[in-house]
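Student: This is the structure I want to talk about, given as structure tokens.
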Amino acid sequence: MKRTLVLSLMAALIGFACGVKKSTTASVSTGFSAEQIKQAETRFPGVSSAELAEGKKLYESRCSSCHELPHAEKMSQSRWAHEYASMKGKAQLNFAEDRLVNAYVSGILVP
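My numbering puts the first residue of the sequence shown at 76, with every later residue one more than the last.
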């Protein structure tokens with residue numbers, strides 16, 4: 076009985092430790108801080124750090140193919156929305172890509 080209890084506790088601790096490590100690794104591997112991910116999730120519920128990383132990649136590749144990347148970190152949300160609306164058609168983003176780019180820029184860059 077004691078052995079079963081000890082083994083169960085050890086398994087629970089290992090499972091907990093692995094779970095904590097997993098989430099830390101995800102934010103480190105994408106380059107976003109936990110605070111940035113939390114901000115993005117507040118503005119785009121359900122968005123993952125992997126989706127934000129994909130949005131960043133799309134933003135950098137599609138937007139810079141025609142011009143310098145805008146300084147989104149200096150824009151308001153309404154200014155970004157206006158600028159983005161005028162450009163997203165030119166970037167030829169599909170619906171999913173549109174969501175990823177907007178989640179990255181509006182969720183991470185724009186204050």
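We put the CB at the ideal spot given by N, CA and C, even for glycine.
When the Cα atoms are used, what is the spatial distance from residue 142 to residue 135?
Tutor: 10 angstroms
Student: Measuring only the C-alpha atoms, how far is residue 183 from residue 109?
Tutor: 11 angstroms
Student: Would you kindly work out how many angstroms separate the C-alpha atoms of residue 114 and residue 107, rounded to a whole number?
Tutor: 11 angstroms
Student: Express the C-alpha separation of residue 146 and residue 152 in angstroms, rounding to a whole number.
Tutor: 12 angstroms
Student: In the structure shown, what three-state DSSP assignment does residue 130 receive?
Tutor: helix
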